[in-house]
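Here is the structure we will look at, set down as C-alpha cells.
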Amino acid sequence: MNILEANNITKNYAVHKALDDVSISIPKQSIFGLLGPNGAGKTTLIRIINQIIMADEGEIFINGERLQPKHIGVIGYLPEERGLYKKMKVGEQLMYLAELKGLSNSEARKRIKHWLDRMGLTEWAGKKVEDLSKGMAQKIQFIATVLHEPDLLILDEPFSGFDPVNANLIKDEIFELRDKGATVIFSTHRMESVEQLCDHIALINKSQKILDGPKKEIKDSFKLHKYSVSYKGDLVGLSSNFSASETKEEDGLNHSIIQANGQSPNEVLQELISKVEVHSFIEEVPSVNDIFIQIVEGEK
Amino acid sequence: MNQIFLVLKREYLTRVKKKTFLLATILTPLIFPAIILTIVYFATREKESRSEELLVLDQSGLFTDAFDITSYDFQFIEGELEAAKQEMTDRGAFGLLYIPKMEVNDPEKINYAGFELYTKTNASVSAINRMESSIRSRLESIKLQNSGLEKEVIDNLRVRVSLDSFNLSETGEAKKSNSELSFAIGYGTGFLIYMFIFIYGSQIMQSVLDEKTSRIVEVIVSSVRPFNLMMGKVLGVGAVGFTQLLIWFVLIGTLSTAGLSIMAGGGSEAIMDAASQQMPAEAMQAMEPTQQQAMVAEIQEMIASIPVVKILACFLFFFLGAYFLYGALYAAIGSAVDSIQDAQQFMFPIILPILAAIMSMFFVLDDPNGGLAVTMSMIPFTSPIIMMARIPFGVPDWQLALSMVLLVAGFVGTIWVAGRVYRVGILMYGAKVNWKTIGKWFTMKV
Numbered sequence: 198m199n200i201l202e203a204n205n206i207t208k209n210y211a212v213h214k215a216l217d218d219v220s221i222s223i224p225k226q227s228i229f230g231l232l233g234p235n236g237a238g239k240t241t242l243i244r245i246i247n248q249i250i251m252a253d254e255g256e257i258f259i260n261g262e263r264l265q266p267k268h269i270g271v272i273g274y275l276p277e278e279r280g281l282y283k284k285m286k287v288g289e290q291l292m293y294l295a296e297l298k299g300l301s302n303s304e305a306r307k308r309i310k311h312w313l314d315r316m317g318l319t320e321w322a323g324k325k326v327e328d329l330s331k332g333m334a335q336k337i338q339f340i341a342t343v344l345h346e347p348d349l350l351i352l353d354e355p356f357s358g359f360d361p362v363n364a365n366l367i368k369d370e371i372f373e374l375r376d377k378g379a380t381v382i383f384s385t386h387r388m389e390s391v392e393q394l395c396d397h398i399a400l401i402n403k404s405q406k407i408l409d410g411p412k413k414e415i416k417d418s419f420k421l422h423k424y425s426v427s428y429k430g431d432l433v434g435l436s437s438n439f440s441a442s443e444t445k446e447e448d449g450l451n452h453s454i455i456q457a458n459g460q461s462p463n464e465v466l467q468e469l470i471s472k473v474e475v476h477s478f479i480e481e482v483p484s485v486n487d488i489f490i491q492i493v494e495g496e497k
Numbered sequence: 329m330n331q332i333f334l335v336l337k338r339e340y341l342t343r344v345k346k347k348t349f350l351l352a353t354i355l356t357p358l359i360f361p362a363i364i365l366t367i368v369y370f371a372t373r374e375k376e377s378r379s380e381e382l383l384v385l386d387q388s389g390l391f392t393d394a395f396d397i398t399s400y401d402f403q404f405i406e407g408e409l410e411a412a413k414q415e416m417t418d419r420g421a422f423g424l425l426y427i428p429k430m431e432v433n434d435p436e437k438i439n440y441a442g443f444e445l446y447t448k449t450n451a452s453v454s455a456i457n458r459m460e461s462s463i464r465s466r467l468e469s470i471k472l473q474n475s476g477l478e479k480e481v482i483d484n485l486r487v488r489v490s491l492d493s494f495n496l497s498e499t500g501e502a503k504k505s506n507s508e509l510s511f512a513i514g515y516g517t518g519f520l521i522y523m524f525i526f527i528y529g530s531q532i533m534q535s536v537l538d539e540k541t542s543r544i545v546e547v548i549v550s551s552v553r554p555f556n557l558m559m560g561k562v563l564g565v566g567a568v569g570f571t572q573l574l575i576w577f578v579l580i581g582t583l584s585t586a587g588l589s590i591m592a593g594g595g596s597e598a599i600m601d602a603a604s605q606q607m608p609a610e611a612m613q614a615m616e617p618t619q620q621q622a623m624v625a626e627i628q629e630m631i632a633s634i635p636v637v638k639i640l641a642c643f644l645f646f647f648l649g650a651y652f653l654y655g656a657l658y659a660a661i662g663s664a665v666d667s668i669q670d671a672q673q674f675m676f677p678i679i680l681p682i683l684a685a686i687m688s689m690f691f692v693l694d695d696p697n698g699g700l701a702v703t704m705s706m707i708p709f710t711s712p713i714i715m716m717a718r719i720p721f722g723v724p725d726w727q728l729a730l731s732m733v734l735l736v737a738g739f740v741g742t743i744w745v746a747g748r749v750y751r752v753g754i755l756m757y758g759a760k761v762n763w764k765t766i767g768k769w770f771t772m773k774v
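Those protein sequence lines, which keep their order, are chains G and L.
Quick note on numbering: the first sequence equals residues 198 to 497 in the working numbering.
Quick note on numbering: the second sequence equals residues 329 to 774 in the working numbering.
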C-alpha cells in the first residue's frame with residue numbers, strides 16, 4: 198500500500214521546467230529519501246504535495262484519494278527555509294500551528310505538554326522564541342511539524358544547523374514515528390544521513406526522476422561485483438573470470454580488489470579459497486553518495 | 329473560514345496584548361488636546377513676555393497711546409527720520425514705525441499713506457495687521473469726532489447679524505444646517521480614514537514582511553491557503569484599528585459630553601475663558617450668563633442637527649472599504665520585498681491617490697457638490713476620504729450608492745490582484761523585485 202502516489206507531475210515556471218513528468222510512489226511506513234542536487238526540483242515537488250503550489254499536469258493521491266485541502270491535516274511539513282514567530286511565546290506558537298492543522302484546543306494542549314516534556318523544553322513554554330537558542334528553536338519547529346500526528350511527514354533538510362547530539366535525537370524521533378505508523382519523506386543532499394535512515398530513495402536531477410526504488414535494490418543494481426579481500430599467500434593462476442588489482446601488503450597480509458564477472462560471492466570465495474588463505478572478504482557495495490555522484494556527473 | 333479566523337485571532341491578540349497598544353490607545357485622545365493646549369499656552373505666554381522695543385516717530389502727534397499691542401514695547405521718540413533710523417540701530421531696537429504729518433480735517437480724504445515700518449528682520453504678518461488696524465481705528469475715530477456725529481448714534485449704527493441656515497428636505501421639513509460643523513466633521517472623518525490607512529496599512533506590510541524574514545511563512549502556507557492568510561492578516565490588523573477607534577470614540581465622547589455639561593452649568597470660568605480666546609473681546613463682554621447658556625444650547629442643537637447615525641454608518645462603510653482596498657495592496661507589497669527599505673519604491677504609487685485625496689479635501693469642502701468632489705468621491709482609491717468630506721453637507725442618495733458599489737468593486741479587485749501577487753511573493757527570497765516581476769507574479773500560474 199502506498200501512502201502517496203504522484204503521477205506524471207509537470208510544473209513549468211516562466212523560464213524553466215521545474216518538474217518534468219515525475220512519478221513517484223511512496224510506500225506506507227517507509228522513510229523515503231528524495232535526493233537530488235540543488236535546483237533539481239525537490240522543493241517544487243514537496244510544495245506541490247503540500248498544496249502550496251499547483252502542478253500544471255499530473256495527479257497526486259494520498260491513501261488512494263486525490264489530493265485535496267483536507268489532506269493538510271495528514272501532512273506535517275518541515276521546510277528547509279523555516280522559522281518561528283520571534284515575538285510569540287513557545288506554547289502559544291505551538292498552539293497556533295496545531296490549531297491551523299485542525300487540532301482542537303484541548304487536544305493540542307495535551308500534546309504540546311507531552312512533546313515539550315519529551316524534548317526537555319517544558320520550562321520554556323512561556324518564553325518568547327527570540328529567547329531560545331538555535332537548537333531549541335529547531336526542536337520547537339520539529340514539535341510543530343509532528344504535533345498533529347501526521348501520517349506523512351515531509352522533512353526538507355531536517356538536520357541542517359543541528360549539532361550532532363540534537364541531530365541524533367531527531368533521528369531517533371523519526372525512527373520512532375515511523376515505527377508508530379508514520380511515513381517520512383526525507384529530502385536532502387547529505388548522503389550519509391540517507392544511508393542511515395532511508396529504506397526507499399528517489400533521485401531527481403534536472404527536473405526529471407532518474408531512478409527510484411528500495412535502497413537495497415538500487416544499491417544492488419549499481420553493484421560492480423568488486424570484492425575487497427585480504428589473504429595469506431600469493432594469488433596466482435586465477436581463472437580468467439576474475440582479475441585482481443591494487444594488490445598491496447600490510448601487516449603480513451596481502452590486500453587485493455577482485456573484480457568478478459557476474460559470479461555469485463560464493464563462487465568468488467570458492468575460487469579464492471582454492472588458491473590462498475582468506476582472512477577477510479567484503480563485497481564492495483557502492484554508497485548512495487557514489488551512486489548520486491555517478492549519476493549526476495554522468496548527466497552533465 | 330476557520331483558518332481566516334485563526335489567523336485573525338493571532339494577529340489581533342498579539343497586537344492588542346502589547347503594552348504599546350494600550351498606551352497609544354488611551355493616551356492619543358489625551359495627547360492631541362494636550363499638545364494643542366501646550367502650543368497655545370506657550371504662544372500666548374511668549375507674546376506677553378516678549379517686549380522688543382519698537383520706536384515710533386510720530387510727526388503728526390495723533391497716535392500717542394494708539395498702539396495697544398502687547399507684542400512690542402512702543403517707545404515714542406522725536407526728531408527727523410534719518411536720525412531716528414540711526415537711533416534704532418544704536419539702541420538695538422527691533423524696529424521703527426514712522427508716521428508722517430497728515431491732514432485729518434478734510435472730510436473727503438480717505439487715503440492715508442506714507443507710514444513706514446523699518447525692522448531688523450521681517451515683522452510678523454499679524455503684528456503689521458494690528459499696527460495697521462490701530463492706525464486706521466485712530467484715524468476713524470478722529471474723523472468721526474470731526475464729523476460731529478454723536479457717539480451713541482455711531483454705536484447704534486454698528487449692527488450684528490447672524491444668518492441661520494436650514495436644509496429643506498423633500499418632505500418640507502426644515503433642518504437647521506451648519507456649514508462650519510459640516511466642515512469639521514467632513515474634515516475630521518476624512519482625515520481619520522487617511523491616518524488609519526497609513527498606520528494600519530504599514531502594520532499589515534510589516535506583519536507580512538516579518539513572516540517572510542523569519543521564514544515561518546512556508547510552514548504557515550502548508551496549513552493555510554495564502555489568500556486566507558492574507559485576508560486573516562488584513563482583517564486581524566483591521567480589527568485592532570477598529571478596537572482602537574472604538575475606544576477613542578468612547579473616550580472622546582465621554583470627555584466632550586462632560587465638557588459640555590460643565591459649560592451648560594455655566595460654572596466653569598476657565599472654559600469660558602478658553603472660549604473667549606476664539607471670540608472678539610467685545611462680543612464676550614457683551615455676553616450675559618444667560619447668553620452663555622444660550623450658546624451651549626445652540627451647540628447642542630447644532631450637534632442634534634447632524635445626521636449622526638447616517639454619518640457613523642457611512643464612516644464605518646468607507647473606513648472598512650478604504651482599509652480593505654489599501655490593506656490588501658500593502659500586504660502585496662510586503663510579500664514582494666525582503667526588507668522595509670525595498671518597499672519604498674512600491675509605496676509611492678499607493679500613497680499618491682491618498683495624498684491627492686487629502687490635498688483636494690479643502691477644495692471639496694469648499695464646494696462639496698462640484699465636479700472635482702463628485703468625481704473623486706466615485707473613484708474607489710479616493711472615494712472614502714472625499715465622500716466622507718461630502719456627506720455632512722448632504723449627498724444625493726444615488727451618488728452615495730454608486731460610490732459604495734464602486735468601492736466594493738474596487739476592494740474586491742485590489743484584494744484579488746494583491747492575493748495573486750502575495751501567493752508568489754511570500755515564497756520568493758532574494759529576488760530582484762521591480763514592477764515587471766510583480767506583473768509576472770500576477771500572471772503566474774501557481
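Just so it is clear, CB atoms sit at the ideal spot from N, CA and C, and this is done for glycine as well.
Treat the numbers as computed from the prediction; the structure is a model and nothing was measured.
Residues of chain G with CB under 9 angstroms from residue i, in chain order?
| i | result |
| --- | --- |
| L/LYS768 | ALA211 |
| L/TYR757 | GLU278 |
| L/ALA334 | For clarity, residue 334 of chain L is Leu in the given sequence; the question names Ala instead. By Cβ distance, chain G contributes TYR293, GLU296, LEU297. |
My output table needs one value for residue i: the three-state DSSP class, helix, strand or coil.
| i | result |
| --- | --- |
| L/SER596 | Legend: pLDDT at L/SER596 = 45, less than 50; position of this residue unreliable, value from coordinates given subsequently. Residue state, collapsed to three classes: coil. |
| L/GLU408 | coil |
| G/PHE489 | helix |
| G/PRO224 | strand |
| G/GLY410 | strand |
| G/ASN209 | strand |
| L/LEU425 | strand |
| L/GLN606 | Confidence at L/GLN606 is low in this model, with a pLDDT of 49, below 50, so the placement of that residue should be treated as unreliable; the coordinate-derived value is given next. Here L/GLN606 sits in coil by DSSP. |
| L/TYR757 | coil |
| L/ALA611 | A caution first: L/ALA611 carries a pLDDT of 49, below 50, which makes its placement in the model unreliable, though a value can still be read off. Helix at L/ALA611. |
| L/THR710 | coil |
For residue i, return the contacting residues in chain L, with the cut-off set at a CB-CB distance below 7 angstroms.
| i | result |
| --- | --- |
| G/GLY280 | SER542, ARG543, ILE544 |
| G/PRO355 | Here the premise fails: no neighbours, minimum Cβ distance about 13 angstroms. |
| G/ASN247 | SER550 |
Got a sec? Which residues, its chain only, sit under 6 angstroms from residue i by beta carbon, not counting five neighbours each side?
| i | result |
| --- | --- |
| G/TRP321 | VAL287 |
| G/PRO483 | PHE419 |
| L/VAL692 | ALA701, ILE714, ALA717 |
| G/ARG308 | LEU344 |
| L/GLY560 | ILE332, VAL335, LEU336 |
Report the neighbours of residue i on chain G: residues whose CB is nearer than 7 angstroms to its CB, in chain order.
| i | result |
| --- | --- |
| L/ARG338 | TYR293 |
| L/GLN331 | LEU297 |
Using a Cβ-Cβ cut-off of 7 angstroms (strictly less than) and excluding sequence neighbours within five positions of residue i, which residues of its own chain qualify?
| i | result |
| --- | --- |
| L/GLU546 | LEU755 |
| G/GLY358 | LYS331, GLN335 |
| G/PRO234 | HIS386, ASN402, VAL493 |
Sort out for me which residues DSSP pairs residue i with in a bridge.
| i | result |
| --- | --- |
| G/GLN405 | G/ASN402 |
| G/SER442 | G/ILE454 |
| L/VAL487 | BP columns for L/VAL487 are empty, so no partner. |
| G/GLY230 | G/PHE383, G/ILE398 |
| L/LEU520 | Its beta-bridge partners do not exist; DSSP assigns none. |
| L/GLN403 | L/LEU383 |
| L/ALA664 | BP columns for L/ALA664 are empty, so no partner. |
| G/GLU481 | G/LYS423 |
| G/TYR274 | G/ILE351 |
Identify the contact partners of residue i in chain L, using a Cβ-Cβ distance below 8 angstroms as the criterion.
| i | result |
| --- | --- |
| G/LYS298 | SER551 |
| G/ALA441 | Chain L residues near G/ALA441: none, gap ~54 angstroms exceeds 8 angstroms. |
Below 9 angstroms on C-beta distance, what does residue i contact in chain L?
| i | result |
| --- | --- |
| G/ASP253 | LYS773 |
| G/MET285 | ARG338, THR342 |
Practice prompt. Assess, as a yes-or-no matter, whether the stretch 314-321 of chain G is touched by the stretch 272-282 of chain G under the definition of 3 or more beta carbon pairs within less than 8 angstroms.
Written response: Flag = no, the stretch 272-282 of chain G and the stretch 314-321 of chain G do not touch.
Worksheet item: Can you find at least 3 beta carbon pairs, one from the stretch 469-487 of chain L and one from the stretch 650-660 of chain L, that sit closer than 8 angstroms?
Response: The stretch 469-487 of chain L is not in contact with the stretch 650-660 of chain L.
Worksheet item: Taking one C-beta from the stretch 362-375 of chain G and one from the stretch 200-219 of chain G each time, how about it: are there three or more such pairs within less than 8 angstroms?
Response: No: fewer than three Cβ pairs fall under 8 angstroms.
Worksheet item: For the 8 angstroms Cβ check, are there 3 or more pairs between the stretch 338-347 of chain L and the stretch 454-468 of chain G?
Response: They do not touch, by the three-pair rule.
Worksheet item: Would the stretch 425-432 of chain L and the stretch 384-398 of chain L be scored as touching if the rule is three or more Cβ pairs under 8 angstroms?
Response: Short answer: they touch.
Worksheet item: Are the stretch 390-399 of chain G and the stretch 437-449 of chain G touching, with three or more C-beta to C-beta distances below 8 angstroms?
Response: Because the criterion of three Cβ pairs below 8 angstroms is not met, the stretch 390-399 of chain G and the stretch 437-449 of chain G do not touch.
Discussion item. With three or more beta-carbon pairs closer than 8 angstroms as the criterion, would you say the stretch 532-547 of chain L touches the stretch 572-587 of chain L?
Written reply: Touching, no.
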